[in-house]
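> Here it is, the structure, as structure tokens.
Number of protein chains: 2
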Amino acid sequence: MRSSIKLTGSLEDYLEAIYLLAKDKSEVRITDIAVFMNLSKPSVNRAISNLKANALLEHERYGTIKLTEDGILLAKEIYFRHETLTKFFIENLGIDPEIAQNDACKIEHIISHQTLNKLVAYMNKII
Amino acid sequence: MRSSIKLTGSLEDYLEAIYLLAKDKSEVRITDIAVFMNLSKPSVNRAISNLKANALLEHERYGTIKLTEDGILLAKEIYFRHETLTKFFIENLGIDPEIAQNDACKIEHIISHQTLNKLVAYMNKII
DNA sequence: AATAAAAGTTAGCCTAGGTTAACATTTATT
DNA sequence: AATAAATGTTAACCTAGGCTAACTTTTATT
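First to last, the protein sequences are chains A and B.
Take 84 as the starting number for the first sequence in this note's numbering and just add one per residue.
Take 84 as the starting number for the second sequence in this note's numbering and just add one per residue.
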């Protein structure tokens, strides 16, 4: 596996957003991402260039955005971390869903593999 | 309480480091912090100015550094978050101490109050 | 087809937080 | 006391990631 690409937290957020948007809409556009993430289009534009340079998505000038296989893989990984954390916060700790989402969204970028894995194991054990 | 000062994660790290250094050494100097945090002295220097501007510490040109009451309060709060997370990672999840420290050190800056509080409650309940 | 609207891009600015190189000051040593 | 060493400061640079304003391109409407 070549998933050794190490993105910044910010770029991981963009990737995750594109992944989520692509689930509903067939076409993902810069404006969609900007609206979804509540960021300016130029900010999104630059992030897209960056992700493209990392071969995580395809994008032609003025065109639509499509994740590559690598992009999808990485996005799924990030999203899994997000879901795992959210689930733990809500189900085990009893955090308000909105706050749980928010915390997960920040922690998903910095938590280590070991900690995430152990958290998954822990949740399965407790049930 | 006027602990409504909102620092960046980076500044929280500096504050925590100063707090920990001040426990052992009577005098804390810029060089001590730079060595401890493995950062350059100019970086520390600027951070100190910033913390001083926030009334969290006292520092005179070429002199030593001393946390104010506010600074100590806030540092303790940050350190408590750190300890809580580390404890949870090690004792509940079984994470290697070094990784636990590392993860705690990053998460302590972004975890919400509610989540931290609920985590504390959860740990007391489980025992 | 012409024009208006929407979408995308570029340029340039800002902040935070790191760096190194050079300089100033203080402290220690000879 | 003079000099060397350690410490602290300043200036200038870099990167990442936001932003707005202005411009280009595409798409939709009249």
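Think of the CB as a built atom: it goes at the ideal place given N, C-alpha and C, for glycine as much as any other residue.
Here the structure is a predicted model, which is why all the values come from computation and not from measurement.
For Thr114/A, decide whether its Cβ has a neighbour in chain B, counting only Cβ atoms nearer than 9 Å.
Translated into the one-based positions of the first sequence, residue 114/A becomes position 31. Cβ-Cβ to chain B under 9 Å: no for Thr114/A.
> When you check each C-beta in the segment 86-97 of chain A against every C-beta of chain B, which residues fall closer than 8 Å?
Against chain B - using a Cβ distance shorter than 8 Å - the segment 86-97 of chain A contributes no residues.
> Pick out whichever of Leu202/A, Ile178/A and Asp153/A has its Cα sitting closest to the Cα of Leu90/A.
To locate residue 90/A, count along the first sequence from 1; it is residue 7. Here the closest residue by C-alpha is Asp153/A.
> Where does His192/B sit, in a helix, a strand or coil, going by DSSP?
On the second sequence, residue 192/B is found 109 positions in, with the first residue counted as 1. Three-state result, His192/B: coil.
> In the structure shown, what three-state DSSP assignment does Glu143/A receive?
Here residue 143/A refers to the residue found at position 60 when the first sequence is read from its first residue. Three-state result, Glu143/A: coil.
> Between the Cα of Ala100/B and those of His142/B, Arg129/B and Ile161/B, spot the shortest distance and give me the residue it belongs to.
Here residue 100/B is taken as the residue at index 17 of the second sequence, counted from 1. If we check each option's Cα against that of Ala100/B, Ile161/B comes out closest.
> Pop quiz: Ala183/A and Thr169/A are said to be a contact at Cβ under 8 Å. What is the actual Cβ separation, rounded to whole angstroms?
For the purposes of this step, residue 183/A is identified with residue 100 of the first sequence, where counting begins at 1. For the purposes of this step, residue 169/A is identified with residue 86 of the first sequence, where counting begins at 1. Contact holds; Cβ gap of about 5 Å.
> With 9 Å as the threshold, decide whether the Cβ of Phe163/A is near any Cβ in chain B.
In the first sequence, counting from the first residue as 1, residue 163/A sits at position 80. Not closer than 9 Å to any Cβ of chain B, the Cβ of Phe163/A fails to qualify, so no.
> Between Ser109/B and chain A, is the shortest Cβ-Cβ distance under 9 Å, so that the two count as touching?
Taking the first residue of the second sequence as 1, we reach residue 109/B at position 26. No, because no Cβ of chain A sits closer than 9 Å to the Cβ of Ser109/B.
> Grab me the residues of Thr147/B's own chain with a C-beta within less than 7 Å of its C-beta, minus the 5 sequence neighbours each way, in chain order.
Taking the first residue of the second sequence as position 1, residue 147/B is located at position 64. Here the set comprises Glu110, Val111 and Arg112.
> Mapping the DSSP letters down to three states, classify Lys124/B as helix, strand or coil.
Counted from its first residue, the second sequence places residue 124/B at position 41. It is helical.
> Return the residues of the segment 142-176 of chain A that lie within a Cβ-Cβ distance of less than 8 Å from chain B, sorted by chain order.
Cβ contacts with chain B come from Phe172, Asn175 and Leu176.
> Among residues of its own chain, excluding the 5 on either side of Glu191/A, which ones have a beta-carbon nearer than 7 Å to its beta-carbon?
Here residue 191/A refers to the residue found at position 108 of the first sequence. Hits under 7 Å: Ile161, Arg164, His165 and Leu168.
> Could you pull the DSSP bridge partners for Leu150/B from this structure?
Looking up residue 150/B in the second sequence gives position 67. Leu140/B, per the DSSP bridge assignment.
> Kindly list, in the order they appear in chain B, the residues whose Cβ is closer than 9 Å to that of Gln184/A.
Looking up residue 184/A in the first sequence gives position 101. Residues of chain B passing the Cβ test: none, with the nearest at roughly 11 Å.
> Restricting to Cα atoms, I'd like to know which of Leu103/A, Lys208/A and Leu122/A is closest to Lys149/A.
Position 66 of the first sequence holds residue 149/A. Out of Leu103/A, Lys208/A and Leu122/A, Leu103/A has the C-alpha closest to the C-alpha of Lys149/A.
> Are the beta-carbon atoms of Leu134/A and Leu98/A separated by less than 9 Å?
By one-based count along the first sequence, residue 134/A stands at place 51. By one-based count along the first sequence, residue 98/A stands at place 15. Yes; because the gap between Cβ atoms is below 9 Å, this pair is in contact.
> Which of the residues in the segment 186-197 of chain A, read from start to end, lie with their CB under 8 Å from any CB of chain B?
Listed by position, the residues of the segment 186-197 of chain A near chain B (Cβ gap below 8 Å) are Asp186, Lys189, Ile190, Ile193, Ile194, Ser195 and Gln197.
> What residue range does the alpha helix (DSSP H) around Glu95/A cover?
One-based indexing of the first sequence puts residue 95/A at position 12. Start and end: Gly92 to Asp107.
> At least one CB of chain A closer than 9 Å to the CB of Leu202/B: is that the case?
The count along the second sequence starts at 1 and reaches residue 202/B at position 119. Chain A, which has a Cβ nearer than 9 Å to the Cβ of Leu202/B, makes this yes.
> Count the other C-beta atoms from every protein chain shown that fall within 10 angstroms of the C-beta of Ala204/B, then say buried if there are 16 or more, exposed otherwise.
As a first step, residue 204/B is located in the second sequence; it is residue number 121 there, counting from the start. It counts as exposed.
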